[in-house]
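Engineer:
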DNA sequence: GGCTGATTCATACGTTCGTATGAATTCCGT
DNA sequence: ACGGAATTCATACGAACGTATGAATCAGCC
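Residue numbers (this note's numbering), protein chains in the order written: chain Z, 971 to 1201; chain H, 971 to 1201.
(1) Taking DSSP as the reference, what is the three-state secondary structure of residue 1111 of chain H?
(2) Give me the residue from Z:1106, Z:1054 and Z:1198 with the minimum Cα distance to residue 1145 of chain Z.
(3) In whole angstroms, give me the CA-to-CA distance for residue 1195 of chain Z and residue 1131 of chain Z.
(4) How about the region 1115-1129 of chain H and the region 1184-1193 of chain H: do they share at least three Cβ pairs that are nearer than 8 Å?
(5) What would DSSP say about residue 1002 of chain Z, mapped onto helix, strand or coil?
(6) Would residue 1133 of chain H pass as a contact of residue 1076 of chain H if the rule is Cβ separation under 9 Å?
(7) Anything in the region 1137-1156 of chain H with a Cβ closer than 8 Å to a Cβ of chain Z? List those residues in chain order, please.
(8) Just confirm the distance between the C-beta atoms of residue 1149 of chain Z and residue 1156 of chain H, as a whole number of angstroms; I'd bet it's less than 8 Å.
(9) Nearest CA to the CA of residue 1120 of chain Z: which residue from Z:1030, Z:1051, Z:992 and Z:1105?
(10) Mapping DSSP to helix, strand and coil, what is residue 1177 of chain H?
(11) Determine the burial state of residue 1108 of chain H: buried for a count of at least 16 other Cβ atoms within 10 Å of its Cβ, exposed for fewer.
(12) State the Cα-Cα distance for the pair residue 1008 of chain Z and residue 999 of chain H, rounded to the nearest angstrom.
(13) Counting only Cβ pairs nearer than 9 Å, list the residues of chain Z close to residue 1007 of chain H.
(14) Relative to the alpha-carbon of residue 1163 of chain Z, which residue among Z:1080, Z:1116, Z:1106 and Z:1100 has its alpha-carbon at the smallest distance?
(15) Quick check: the Cα distance between residue 1175 of chain H and residue 1041 of chain H, rounded to an integer number of angstroms?
(16) Apply the 10 Å Cβ neighbour rule to residue 1059 of chain H and answer buried if 16 or more other Cβ atoms are within range, or exposed otherwise.
(17) Between which two residues does the alpha helix (DSSP H) containing residue 1032 of chain H stretch?
(18) Suppose you measure from the CA of residue 1046 of chain H to the CA of residue 1158 of chain Z; what does that come to, to the nearest Å?
(19) Please specify which runs of the alpha helix (DSSP H), each continuous and at least 4 residues long, are wholly inside the region 1109-1164 of chain Z, giving them in chain order.
(20) May I have the straight-line CA-CA distance separating residue 1114 of chain Z from residue 1103 of chain Z, to the nearest angstrom?
(21) Return yes when the Cβ of residue 1154 of chain Z is within less than 9 Å of the Cβ of residue 1083 of chain Z, no when it is not.
(22) DSSP three-state call for residue 1012 of chain H: helix, strand or coil?
(23) I'd like the list of long-range same chain contacts for residue 1053 of chain H, defined as Cβ closer than 6 Å, with 5 residues on each side in sequence excluded.
(24) Quick one: Cα of residue 1065 of chain Z to Cα of residue 1080 of chain Z, how far?
(25) Anything in chain H within Cβ reach of residue 1201 of chain Z, meaning under 8 Å, just list it in chain order.
(26) Tell me where the alpha helix (DSSP H) around residue 1254 of chain H begins and ends.
(27) Taking CB distances under 9 Å as the criterion, tell me whether residue 1181 of chain H reaches chain Z.
(28) In angstroms with no decimal places, state the Cα-to-Cα distance between residue 1005 of chain H and residue 1192 of chain H.
(29) Does any CB atom of chain Z fall closer than 9 Å to the CB of residue 1067 of chain H?
(30) Could you say which of Z:1118, Z:1117, Z:1178 and Z:1032 lies nearest to residue 990 of chain Z if we only look at CA atoms?
(31) Since residue 1033 of chain H meets chain Z, which of its residues come closer than 8 Å, beta carbon to beta carbon?
(32) When the distance is taken between beta carbons, is residue 1112 of chain H closer than 9 Å to residue 1039 of chain H?
(33) In this structure, how does DSSP classify residue 1200 of chain H when only helix, strand and coil are distinguished?
(34) By the criterion of Cβ-Cβ separation under 7 Å, what are the contact partners of residue 1160 of chain H in chain Z?
(35) Please state if the CB of residue 1061 of chain H and the CB of residue 1021 of chain H are separated by a distance shorter than 9 Å.
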């Protein structure tokens, strides 16, 4: 074992300076492949090949494939939730103590997901698809990591939604939130890759709305569902 | 190559009599593992180990792992869609030419998914989770197969929903259906495994409704979303 | 310009993957 | 009980997997 060269690759991988051309290329390539093939379906070798990097680079920069995957998600999820929380802050400041209207809250959830895309040229709106995949990935470590990463926004939006729907018991809200995120995930997934799913009835082949149109449709559906009368 | 023993394993696997203890055990074991780890995360060896079978059994009964996976999905999906279509037939007969009310249509979609569970003892409601996983699995062959399998019910429910929501343009319905199935998938997933997802705010830890309660909540949310005013 | 640490490289190791093979065994009609 | 078909078995093969290693290369600073 070498005691003089470089830094021990695995043990201190998490404390290494956070920028390097190769490191970024690995994250980008991994992101694209994870969206397309899932975690278990994406191999280290496929990632380094797409990144034009060497096999050892993963071990050097991230330690293991698992840590690389977690970093791929964290890199996107952190700004997304920051954006969501900032929008929530702005809405609550604007409301001056009054409950924020439901549609605005829903939009604060939805819009950052739909807009958070062109962060990297060539990445056509893959971010949310990535996060969808993450939340529905079998890997329990990944799921726990994502839940932890979203916890702050979750508690904030819970409280705000309860104020906007004062007649709704908290326990009911929880379930409706699940439905909300399901609709958001699946809908956004379909929107981003809409042309890949031909409709059996050609007359109903959906036109693809632009971003604002899609957000409007999503918000309309979700807001109506959230404020449905208690059964 | 043997020309006299048995049947050539791979080439005629699809024409072999459809019942065998091992064959069924393989399907059951594969189903459980697929739910838990996804397609790419489930190995042939893990399946045969869980089924108490031999490695060659997969090749003998199904040809390849891919064909086994497809059969796992088909075995569950076919009766599910049969049930959905039967409910739709009954509703339309009952309506005597009038449009079927929206809530009843939604229930015809939702209820078979929620109820189609105890087909096998020990399988606690894994069916729909399996199908969710299938539709969101990266494997394009699997996705195409599932779409083909659901095409008949899809066109039927499309027409019925359009009659129940005559003011809704068909192109709008398509998107709302996506939201619908997203809410259904994610909601059912949460319901089946609700205790695995502790809520960050303990005061909002959801109680788990019984089956009928869950169906009511799901139908209420979805029906409200479907009949939301046009934005 | 040469030392030092940071990074990249080619390569290797042991494991597990999906699939295939042919012999052994079980099953069943006669 | 026996013979042929159906099924199960142990085992093998090449490929791909994640990870590790140590030498080669690069970058910045005295």
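Virtual Cβ for every residue (Gly too), placed ideally from N, Cα, C. Keep in mind that this is a model prediction, so the values were computed, not measured.
Structural biologist: Taking the coordinates as given:
(1) helix
(2) Z:1198
(3) 13 Å
(4) no
(5) helix
(6) no
(7) 1140, 1141, 1142, 1143, 1144, 1145, 1146, 1148, 1149, 1150, 1151, 1152, 1153, 1154, 1155 and 1156
(8) 7 Å
(9) Z:1051
(10) coil
(11) buried
(12) 22 Å
(13) 1010, 1108 and 1109
(14) Z:1100
(15) 38 Å
(16) exposed
(17) 1025-1032
(18) 27 Å
(19) 1110-1134 and 1140-1162
(20) 14 Å
(21) yes
(22) coil
(23) 1082
(24) 19 Å
(25) 1186, 1187, 1189 and 1190
(26) What the structure shows of chain H is the stretch from 971 to 1201, and residue 1254 of chain H is not part of that stretch, so it cannot be assessed.
(27) no
(28) 25 Å
(29) no
(30) Z:1032
(31) Here the premise fails: no neighbours, minimum Cβ distance about 21 Å.
(32) yes
(33) coil
(34) 1148
(35) no
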